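Data first, discussion second: the structure below is written as structure tokens.
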Amino acid sequence: MRKLRVLTICLGGTNRSTGLADYLRGNMGCDALPASHHWTQDETLEMLCKWADVIIPVEPEYADRPYKMGYRGKTIIFDIGPDVFGAPRNEALQKIFKVTRHKELKVLIDCWKLCV
1 MRKLRVLTIC LGGTNRSTGL ADYLRGNMGC DALPASHHWT QDETLEMLCK
51 WADVIIPVEP EYADRPYKMG YRGKTIIFDI GPDVFGAPRN EALQKIFKVT
101 RHKELKVLID CWKLCV
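FYI, in UniProt numbering the residues of the sequence shown are 1 to 116.
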């Protein structure tokens, strides 16, 4: 069975989305890539959205571009708030993934496995 392909999106594509993508790859067995809401060009974002099984913006406003491209059905907002972390491996950010939101991520992955 192939891995769940996840696109994570934050403002710059360097802290929250990269931290989440790293967590999904390292702890959940996913194939995950981060992207920037601000810097990623439409053509590239379209390609990444098409590739992904699930698109996870880390704030609600970052879902607007996937929605406009027609990917509302596979976009799940994972609101972790603004970037106050400064780095993808920030301890507080990783704690959000490991403790606060781990069960939600596991349910998402388990549901996907049942559907393929």
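All C-beta atoms, glycine included, are put in the ideal place defined by N, C-alpha and C. Everything numeric in this text was worked out from a predicted model, so none of it was measured.
*Should Thr8 and Ile56 be called a contact, given that it needs their Cβ atoms to be closer than 7 Å?*
yes
*Is it a yes or a no for the segment 37-51 touching the segment 62-74, going by three-plus beta-carbon pairs under 8 Å?*
yes
_Short of 6 Å in beta carbon distance, which residues of its chain neighbour Phe97, apart from the five on each side in sequence? Order them along the chain._
Closer than 6 Å at Cβ, skipping near neighbours: Tyr23.
*Count the other CB atoms, across all protein chains shown, that sit within 10 Å of the CB of Arg89; report buried if there are 16 or more and exposed otherwise.*
exposed
*Using beta-carbon positions only, say whether Arg5 and Asp31 come within less than 7 Å of one another.*
yes
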